[in-house]
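Novice:
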DNA sequence: TATAAAAGTATCGACTCGATACCGATAAAA
DNA sequence: TTTTATCGGTATCGAGTCGATACTTTTATA
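Chains as they are written, first to last, in our numbering: chain F, 4 to 187; chain D, 4 to 187.
1. Buried or exposed, going by whether 16 or more other CB atoms sit within 10 Å of the CB of residue 45 of chain D?
2. Taking any Cβ of chain F, which residues in the region 12-27 of chain D have a Cβ under 7 Å from it, in chain order?
3. In chain D, which residues lie less than 8 Å from residue 146 of chain F when you measure between Cβ atoms?
4. For residue 163 of chain D, I'd like the list of residues in its chain whose CB is within less than 8 Å of its CB, leaving aside the five on either flank, ordered along the chain.
5. Please tell me whether residue 113 of chain D has its Cβ less than 8 Å away from any Cβ of chain F.
6. Tell me the rounded alpha-carbon separation between residue 82 of chain F and residue 99 of chain F.
7. Examine chain F for any beta-carbon lying closer than 8 Å to the beta-carbon of residue 6 of chain D, and answer yes or no.
8. Could you say which of F:120, F:67, F:182, F:109 lies nearest to residue 27 of chain F if we only look at CA atoms?
9. Under DSSP, the beta strand (DSSP E) around residue 156 of chain F begins and ends at which residues?
10. How many Å lie between residue 154 of chain D and residue 180 of chain D at the Cα?
11. Within the region 39-108 of chain F, note down every full beta strand (DSSP E) run reaching 3 residues or more, in order along the chain.
12. What's the gap between the Cα of residue 145 of chain D and the Cα of residue 42 of chain D?
13. Is the beta carbon of residue 72 of chain D closer than 8 Å to that of residue 78 of chain D?
14. Is it a yes or a no for the region 17-26 of chain F touching the region 122-137 of chain D, going by three-plus beta-carbon pairs under 8 Å?
15. Would a C-beta distance cut-off of 8 Å place residue 92 of chain D and residue 50 of chain D closer than the cut-off?
16. Quick one: Cα of residue 103 of chain D to Cα of residue 96 of chain D, how far?
17. Which residues, in order along the region 124-141 of chain D, keep a beta-carbon less than 8 Å from a beta-carbon of chain F?
18. Would you tell me roughly how many angstroms separate the C-alpha atoms of residue 70 of chain F and residue 37 of chain F, rounded to the nearest one?
19. Verify the CB distance criterion: does residue 59 of chain D have a CB-CB separation below 8 Å to chain F?
20. For residue 16 of chain D, collect the residues of the same chain with a Cβ closer than 8 Å to its Cβ; drop the 5 residues on either side in sequence, then sort them by chain order.
21. If you reduce the DSSP assignment to three classes, tell me which class residue 113 of chain F lands in.
22. Give a yes or no on whether the minimum CB-CB distance between residue 36 of chain F and chain D is below 8 Å.
23. Whose Cβ in chain F lies nearer than 7 Å to the Cβ of residue 92 of chain D?
24. Report buried or exposed for residue 86 of chain F, applying the criterion of at least 16 other Cβ atoms within 10 angstroms of its Cβ.
25. Quick one: what does DSSP say residue 147 of chain D is sitting in, helix, strand or coil?
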């Protein structure tokens with residue numbers, strides 16, 4: 004009877020531990036992940052469908068989870084001008100405070116306590132596995148705005164730029180945000 | 004607003020992907036993990052409470068999940084001689100066949116396609132994070148029998164040994180199995 | 001202008017999972 | 001030896017996950 008490679012086993016075990024850790028403050032793991040995504044995503048990517056693609060869930064699950072978060076006043080929905088199908092999501096002040104008590108901080112502390120070299124090895128390996136897995140599944144990589152081929156730095160510099168795809172002006176903070184349209 | 008370290012972020016992302024992957028054949032992620040644990044655990048560790056400790060779930064959840072697996076004829080329960088509270092779990096033939104189609108094999112393939120050096124870096128880092136996290140949480144490490152301080156190799160050799168804690172004879176295969184009593 | 005595609009919602013069903021209460025069996029203490 | 005505590009496991013509740021399916025409204029395309 005075949006078994007999994009040691010590394011796979013470690014990933015599985017850690018994955019479960021992470022899921023277990025994520026039940027703090029009456030929120031479910033998925034709800035925490037949505038909050039974290041909203042903190043990282045740029046303004047074009049704070050939509051239910053971007054959440055759906057990023058977390059690889061169904062539209063239905065995301066819709067319900069967002070309703071739960073809205074009821075708890077952690078996330079607010081706003082209409083989008085120009086397309087009445089769409090919806091923009093925003094973290095409320097309470098949502099941002101909630102993230103200050105993120106149960107994932109325990110894992111983060113463990114990661115940060117590693118030596119730099121080991122941490123770099125680890126993240127390199129994880130990146131490789133993640134992109135391989137996404138490729139096998141046909142998923143997208145969801146990179147950060149600044150690394151996208153539509154990112155056009157302004158000649159003036161100082162972090163200002165433009166998105167050639169959406170034809171929008173980007174501030175310095177935008178460049179570090181996750182974008183649904185990345186690379187595409 | 005603080006964000007997570009890149010490595011933490013990768014772990015979180017991969018963790019979600021792994022959970023998503025694990026919905027094949029009508030089984031839930033937890034059910035798959037129980038099957039995998041039963042494949043790895045030695046005969047003293049194939050009990051509901053060992054599953055509970057290993058997967059860090061509540062007794063109730065494990066009890067229900069085991070019922071679901073029993074209904075599907077993937078796991079069988081047997082009474083334990085000498086203690087009528089206890090229960091021993093065993094994979095049925097169908098359960099073993101199910102493991103041949105483990106959805107985790109996709110992750111395993113991604114892991115195995117890495118270079119050896121990178122794989123070793125990765126597993127080293129994961130081991131560090133996992134044990135750190137377990138330590139913070141007060142959880143046990145659950146090592147393999149052969150590495151336990153109660154493991155006593157027989158002078159005759161050939162992988163035969165004894166467990167000084169449980170006072171039981173151990174075959175070569177036992178040495179590689181996960182044990183609840185490990186180290187303690 | 002049909003028609004297709006996209007963005008979200010609604011509903012169902014099986015299951016997760018923490019919490020709590022519970023029962024019988026065994027171990028420890030009086 | 002008789003209480004009493006602890007252990008292994010089950011039963012039940014409630015909020016939520018999550019795939020599946022069907023549906024509405026809105027926008028894009030042929």
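Backbone N, C-alpha and C fix where the C-beta goes; we use that ideal spot for every residue, glycine too. Predicted model, so just to flag it, every value in this text is computed and none were measured.
Specialist: On the basis of the coordinates in this document:
1. buried
2. 13, 14, 15, 16, 17, 18, 19, 20, 21, 22, 23
3. Chain D residues near residue 146 of chain F: none, gap ~12 Å exceeds 8 Å.
4. 156, 157, 172, 173, 174, 175
5. yes
6. 21 Å
7. yes
8. F:109
9. Run containing residue 156 of chain F: 154-156, per the beta strand (DSSP E) assignment.
10. 12 Å
11. 78-82, 90-94
12. 15 Å
13. yes
14. yes
15. yes
16. 11 Å
17. Listed by position, the residues of the region 124-141 of chain D near chain F (Cβ gap below 8 Å) are 124, 125, 126, 127, 128, 129, 130, 131, 132, 133, 135, 136, 137, 139, 140.
18. If you take the alpha carbons of residue 70 of chain F and residue 37 of chain F, they lie about 12 Å apart.
19. yes
20. Correct list: empty, nothing qualifies.
21. helix
22. yes
23. Going along chain F, no residue has its Cβ under 7 Å from residue 92 of chain D, so there is no contact; the nearest lies around 16 Å.
24. exposed
25. Here residue 147 of chain D sits in strand by DSSP.
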